[in-house]
Amino acid sequence: MNDMVGAITEATTPRAAGLVPASPLEQIDMVLAQRLLSAALGSGGDYADLYFEYRSGADFLMEEGRVRTVGRGVTVGLGVRVLRGDATGYAYTEELSEARMLDAARTAAQIATGGGAPGPIDVQALKLPSFYPIERSSLELAGADKIALLRRADAAARASDPRIVRVEASLAEEWREVLVVSSEGAFAHDRQPMIRFGVSVVAEEGGGQKGEGEGPGKQRQGGRSGGAGRFGLEYFLRPGQSPEEHGREAARLALGMLHAVEAPAGTMEVVLAAGESGILLHEAVGHGLEADFNRKKTSNYTDQLGQSVASPLCTVVDDGTVDHARGSINVDDEGNPGRRNVLIENGVLVGYMQDRISSRHFKIPASGNGRRQSFRHEPFPRMTNTFLTPGQDDPEDIIRSVKRGVYAKHFSGGQVNISNGDFVFSLTESYLIEDGRITAPLKGVNLIGNGPDVLRKVTMLGHDFRMSDGTWTCGKEGQSVPVGIGTPTLKISEITVGGTRAG
Amino acid sequence: MSVSPVSPGGRGGREARPLPDPRECQRFAEQMLSLTLRAGADGAEVLVRDGRELEVKVRLGEPELVKEAGSRGLGLRVLKDHRAAVTYTSDFSEAALDRLARETVELALLSEPEPLADLPAPAEMARELPELDLWDEAVLEMGVTEAIARARLGESAALKLDKRVTNSDGAVFGRTIGASAFASSAGFSGSYRGTNVSFAVEPICDDAGGKKRNGVYWTASRFASGLADPEAVGLEAARRTLAKLGSRKIATCEVPVVFSPEAGRGLLGQLAGVMSGGAVWRRGTYLADREGTAVASALCEIVDDPLLPRGPGSRPYDGEGLATRTNVLVAGGVLKTFLCDVFAARKLGRRSTGSAGRGVGGGPHVTTSNLIMRAGSTRAAELERLPRGLYVTDLMGFGFNAVTGDYSQGAGGFWIEGGARAFPISEITISANFDDLWKGVDAVGDDLDTRSSVQVPTFRVGRMTIAGT
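Heads up: the protein sequence lines correspond to chains A and B, in order. Mapped onto numbering that gives the first Met the number 0, the consecutive letters of the first sequence carry residue numbers 0 to 502. Mapped onto numbering that gives the first Met the number 0, the consecutive letters of the second sequence carry residue numbers 0 to 468.
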């Protein structure tokens, strides 16, 4: 692996290297942080934290075989949060002058009234684990090397079939530094790399002249493949993650779905393939087990600790410590180390994902799930990498056990209503299963179910666990954070398939 | 627990910064433009935005969140030898701007020449800016104290309506005050400012089997006087939540489907997406070859209107400095035009429709402004006069394939039987091909919902597949 990294040349011109300015977070010392925390607690708040963030990113887009634009941006800021009971005061500034930072601290402070000078605040640097060590940020490397990656993906997609009429490839890289300082003494500085790659293609087949409307038999279909993780450019050296593989996979999907048939409508058996199907856990139980909803009793999993909420086959874990995974965090955005937390063990609900407010409410330790989109946002409980642990079944046996059903492989996303537990996920690659065999590809379709109900209907679980390499981003209350998902192959004995073919 | 607001509202309060000033934004934009040209750019565009936000959430009578801040950003697009680069910064110091100008010109050399992506021709640029009435001084007076008071009123109205309203996800008041400026070396420099206020209440009821039911209602306006009364919002939210108690699944079937304005909004947004010139030249839409043909029923009239006075999505010029204009997308069901920015227009061999959007962090791209499906003449309630059918209030999921038009989403709403709503339903999906869906619109209500930048009346589709039990 390392010798291949050597093929990636370093930026040599001084001005190009200047595109990566030094992080201003290095200048934030404990004395300054203590002064800001004192200001934040100056109106009687009972807790405060500072969230310094430096984010540097670049993106490259290739369309029609040409690098269309190159983008670059840097943001820096400080978010100040003050808690008084369960109430949050929040303010932020993009200017890290002491005057502006003090202003933000005093604005956030006003959630509390009472005044009085806080006692001395002692902060200590936390020693953090390292779940995503990298040799160097890809941002430090020459742009030409990244463009070469796009070109490889573009060429591979086009070469795979003449019916591929359009290819778009993109690369986005980010270097994020966070410094969390809390009035309880945490001082945690983490560096979080992220690389994201995507290829999307359009396949076209059959006639029809332009301007004459849709010609008979003319078919068009899109396909997409992408991946992401906390890596430098060594991401592309991993199996299945080369630019060529992403290019060919996007082409395979578009071509394979060109002649997809209408999906059935109604309740049936569904087999979810290993990897991306982990979106099931994210939507069906993940959100419902975020502790804020349970503290407020707005989730349908409220007050169910210790109860059976899933089939005994199911052990669901949220794990911020998976090597280089998109959702991994050495430290959460409240200064607590990333952790592996079991949520459901053999079907029994054993834990929620906590932020500071809820862990105090439930009087249990923080779980490392307090996350936020940026310094402009207050943290609340979020997932990291959420997955189902493997079972005993052979994946082939699982498919063979289905008389008539759907085999789901790729997904574009999902959504859940926390209150009633209804969730959907949207399939982009799926097939009919007939008499234990995978047959026709199906047009895009949704599955809809109710979390606790569907998890009780998991009747077979494969031994073939896989994390998805996808570019998953989770949205909640207007905030987006990167997450990971994973699962082995599994069978759900009954779920509603939202096709167009009734009966 | 006792928490009281202290930050006094409006101008009496401490503002960390002066209010966003469009002239100051414009001064920065022009300064950056000249720095960039001096650094060797052949052409450049600069966007500057300055905004203040206030968000206040009250839950079960107590403030849960008070958030106040200001944010400023500058986005730059540079062209050099027909090569483009896009950068952004929040650092407005002269040294930082100067460095960004030089670095962006250098960055552009990494991309490859695309003459069609050059700046618009000078003759295309907007000459005069329309007055759109987007700024309300009264919004500036609405501070934390008033926000909390409104939120308490709205939430308590919801909680008091019925004892089955047992919980709340809170009431949220939001306010933004913003200024925006744009300068282009193609010959444009302009700016404007706007205010926005919104208020929402989300009550929760306990239902059978440990399920909760949530419903939401909201109000929004550019003017303080345009906000609905907080109690009225709370009451409507509670009514909508109560109506969902006892929701159940129905059997798989094919029936007419009525979309509420809230649910229909998402469908219209997706339709506009497949009418975007950017999607057309990329062959990423099932409508790519359909201009001038029927793409919806003759009852469908769809426009994009950036010039709507006080409109949530109004803009006096577009993201490339072109004059904005009202574009008719669909008339009598026929697709009249694709929306284009300059690049998409050149790709398709035509003129821009003035539909470029632009954010600080990215280049221009086609966006809608106020996307409106015109109200019909049928009273909205009449649309539910069906022997059997579905009334959809909520949609979930991402089940739309723009390339093929295949559409499938999770849905919730009410079962219609004998001309009236019979019972609430959830956990079903609706599906159809988008082409059939829009051509199948057989009634359009008279109740246009003008609260957001995508405005839809109630409408009905003759037949869709419902997947349930």
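Built from N, CA and C at the ideal position, the CB exists for glycine as well.
| Item | Value |
| --- | --- |
| Tell me whether Gly305 (chain A) counts as near the ligand MG, meaning its Cβ is closer than 6 Å to at least one heavy atom of that ligand. | Annotation note on the ligand MG: not contained in the displayed structure, which lists no ligands. |
| Which residues in chain B sit within 8 Å of Gln414 (chain A), going by Cβ to Cβ distance? | Met395, Gly396, Phe397, Gly409 |
| If I measure Cβ to Cβ from Gly369 (chain A) and keep anything under 8 Å in the same chain, skipping five residues before and after, which residues do I get? | Asp331, Asp332, Glu333, Asn335, Gln353, Asp354, Arg355, Pro378, Phe379, Pro380, Arg381 |
| Tell me which residues of the region 412-441 of chain B have at least one Cβ-Cβ distance to chain A shorter than 8 Å, keeping chain order. | Ser425, Glu426, Ile427, Thr428, Ile429, Ser430, Ala431, Asn432 |
| Have a look at A:Gly474, A:Thr112, A:Glu428, A:Ser479 and flag the residue whose alpha-carbon is nearest the alpha-carbon of Ser276 (chain A). | A:Glu428 |
| Which residues in chain A have a C-beta closer than 8 Å to the C-beta of Pro62 (chain B)? List them in chain order. | Ala86, Ile110 |
| Quick one: residues in its chain with C-beta nearer than 6 Å to the C-beta of Asp304 (chain A), no 5 flanking neighbours on either side, listed in chain order? | Residue 304 (chain A) is actually Leu in this sequence, not Asp. If we look at Leu304 (chain A) and ignore the five residues flanking it on each side, its Cβ neighbours are Leu348. |
| Can the beta-carbon of Ile429 (chain B) be found closer than 7 Å to that of Val254 (chain B)? | no |
| Express the C-alpha separation of Asp291 (chain A) and Ala157 (chain B) in angstroms, rounding to a whole number. | 21 Å |
| For Ile120 (chain A), name the three-state secondary structure that DSSP assigns. | coil |
| Between Glu213 (chain A) and Phe337 (chain B), what straight-line distance do the alpha-carbon atoms span, to the nearest angstrom? | Note that Glu213 (chain A) has pLDDT 46, beneath the 50 cutoff, so the model's placement of it is unreliable and no number is given. |
| Within the chosen definition, does the region 312-319 of chain A reach the region 465-472 of chain A through at least 3 CB pairs nearer than 8 Å? | no |
| Flag this pair as yes or no: are the beta carbons of Pro394 (chain A) and Asn345 (chain A) separated by less than 7 Å? | no |
| Would you report the Cα separation of Ile301 (chain B) and Thr392 (chain B), rounded to the nearest angstrom? | 21 Å |
| Determine whether the Cβ of Leu286 (chain B) lies closer than 7 Å to any Cβ atom of chain A. | no |
| Which residue's Cα is closest to the Cα of Gly189 (chain B): B:Ala180, B:Val196, B:Asn195? | B:Ala180 |
| In chain order, what residues of the same chain have a beta carbon less than 8 Å from the beta carbon of Gly210 (chain A), not counting five sequence neighbours either side? | At Gly210 (chain A), the pLDDT of 43 sits below 50, so the modelled position is not reliable; the number obtained from the coordinates is stated separately. Nothing meets the Cβ criterion. |
| Within 7 Å (strictly less), CB to CB, does Arg247 (chain B) reach chain A? | no |
| Give every residue of the same chain whose Cβ lies closer than 8 Å to the Cβ of Arg239 (chain B), excluding the five residues on either side of it in the sequence, and list them in chain order. | Gly214, Val215, Tyr216, Thr392 |
| Quick one, which of B:Met31, B:Ile147, B:Asp90, B:Arg58 has its alpha-carbon nearest Lys295 (chain A)'s? | B:Arg58 |
| Taking CB distances under 7 Å as the criterion, tell me whether Glu476 (chain A) reaches chain B. | no |
| Any beta carbon of chain B sitting closer than 7 Å to that of Lys362 (chain A)? | no |
| 7 Å is my cut-off, CB to CB: does Glu111 (chain B) come that close to chain A? | yes |
| State the CB to CB distance for the pair Gly310 (chain B) and Pro423 (chain B), rounded to an integer number of angstroms; the pair is presumed to be in contact (CB under 8 Å). | No, Gly310 (chain B) and Pro423 (chain B) are not in contact; Cβ-Cβ is about 33 Å, not under 8 Å. |
| If you count every other CB in all the chains shown that lies within 10 Å of the CB of Ala469 (chain B), and 16 or more means buried, which is it? | A question about residue 469 (chain B) goes unanswered here, because the residues of chain B that appear run from 0 up to 468. |
| Less than 7 Å between CB atoms is the rule here; does Asn335 (chain A) satisfy it with respect to chain B? | no |
| Between Gly233 (chain B) and Gly361 (chain B), which are expected to be in contact by the criterion C-beta below 8 Å, what is the C-beta distance as a whole number of angstroms? | No, Gly233 (chain B) and Gly361 (chain B) are not in contact; Cβ-Cβ is about 38 Å, not under 8 Å. |
| Taking the alpha-carbon of Leu139 (chain B) as reference, which of B:Ile371, B:Gln269, B:Gly173, B:Thr86 has the nearest alpha-carbon? | B:Gly173 |
| In this structure, how does DSSP classify His323 (chain A) when only helix, strand and coil are distinguished? | coil |
| For chain B, find out if any of its Cβ atoms is closer than 7 Å to the Cβ of Glu248 (chain A); answer yes or no. | no |
| Does the separation of the CB atoms of Val482 (chain A) and Gly287 (chain A) fall below 7 Å? | no |
| Measuring only the C-alpha atoms, how far is Leu53 (chain B) from Leu306 (chain B)? | 27 Å |
| Could you confirm whether any beta carbon from chain A is found closer than 7 Å to the beta carbon of Val65 (chain B)? | yes |
| Where are the beta strand (DSSP E) runs, 3 residues long or more, that stay fully inside the region 35-80 of chain B, in chain order? | 42-58, 61-79 |
| Compute the beta-carbon to beta-carbon distance between Leu36 (chain A) and Glu176 (chain A), rounded to the nearest angstrom, for a pair I have assumed lies under 8 Å. | Rounded, the Cβ-Cβ distance is 20 Å, inconsistent with contact. |
| Assess, as a yes-or-no matter, whether the region 74-85 of chain B is touched by the region 109-123 of chain B under the definition of 3 or more beta carbon pairs within less than 8 Å. | yes |
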